[in-house]
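Trainee: Below you will find the structure I want to go over with you.
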């Protein structure tokens, strides 16, 4: 991989023209004594800067790894690019129009084109943290979190299923989605005690290049009583939930319109 490493520190961030890159290692302690690394990267493609991340986490090429090392399958990290202000860590940020009222937005289209090479298990997921107030998030405020709304468009064969139970299926904008939900989800790392609604839309076909309207997915969820109607979108994140192995991801494009 011909690239320049920007930083490997926990939660190291880099503000770019399309979003804030974050080296999110939220569950690193689950690796125990096994060596690991995760870094933000950049390279030049056709005279333009392209950003991404690299990782090396314990490998689980078969279930015997977990049994022999007396550990369980987990998500270690979620390296990402984001816009808006996360209630977990609002700074730095770009795009000061957040939080967004889900009832006043006619559309919120997400589009991206991602390149990933890996020998392990991971997904590609867009995450929105949905909060109970329109106020600008200046400091971390986990008590404002009502829901974690995820949109999966890619997952390797042995990656976890989305949180909770499968609720049903729906076709929106020519994409067939599975809907998964848990009304009382929490931090599986054990660090935080608060809980929230977990709601995931998982594409039935894998896509590393995708476009969809978040507002349509949210509206369907409210109609089905899976979400309350009085919510605000704090931020929009795109990243890999990593279970195992080594690899890298390049963000060829990422737009929130």
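In my numbering, the protein residues as written are 216 to 472.
Just so it is clear, CB atoms sit at the ideal spot from N, CA and C, and this is done for glycine as well.
Given the structure is predicted, the values throughout are model-derived calculations rather than measurements.
(1) Taking 8 Å as the CB-CB cut-off, is residue 233 touching chain C?
(2) Would the C-beta of residue 242 count as close to the ligand COA, meaning under 7 Å from any of its heavy atoms?
(3) What three-state label does DSSP hand residue 246 in the structure shown?
(4) I need the straight-line Cα distance from residue 454 to residue 361, nearest angstrom please.
(5) How many whole angstroms separate the CB atoms of residue 440 and residue 388, which I take to be in contact at a CB cut-off of 8 Å?
(6) How close, in whole Å, do the beta carbons of residue 449 and residue 307 come, if the pair is a contact with beta carbons under 8 Å?
(7) So what does residue 365 bridge to, in DSSP terms?
(8) Secondary structure at residue 429, three-state DSSP: helix, strand or coil?
(9) Please name the residue, chosen from 251, 229, 458, that lies closest to residue 478 on a Cα-to-Cα basis.
(10) With a threshold of 16 other CB atoms inside 10 Å of the CB of residue 472, please say whether the residue is buried or exposed.
(11) When DSSP labels each residue in this structure, what does residue 437 get in the three-state scheme?
(12) Straight-line CA distance for residue 376 to residue 396?
(13) How is the beta strand (DSSP E) around residue 240 delimited, first residue to last?
(14) Give the DSSP-derived three-state secondary structure of residue 351 in the structure shown.
(15) Drop a sphere of 10 angstroms on the beta-carbon of residue 459, count the other beta-carbons inside from all chains shown, and report buried for 16 or more, exposed for fewer.
Mentor: Taking the definition as stated:
(1) Reference to chain C is not applicable here, since this structure consists of a single protein chain.
(2) Ligands in the displayed structure: none, and consequently the ligand COA is not present.
(3) It is helical.
(4) 21 Å
(5) Between residue 388 and residue 440 the Cβ distance is about 22 Å, and since that is not below 8 Å, they are no contact.
(6) With 8 Å as the limit, residue 449 and residue 307 do not qualify as a contact, their Cβ atoms being about 15 Å apart.
(7) 342, 415
(8) Residue 429: helix per DSSP, three-state reduction.
(9) What is shown of the chain runs 216 to 472, which leaves residue 478 out entirely.
(10) exposed
(11) helix
(12) 11 Å
(13) Run containing residue 240: none; DSSP gives neither H nor E here.
(14) Here residue 351 sits in coil by DSSP.
(15) Taking all protein chains shown into account, residue 459 has 16 or more neighbouring C-beta atoms within 10 Å of its C-beta and is therefore buried.
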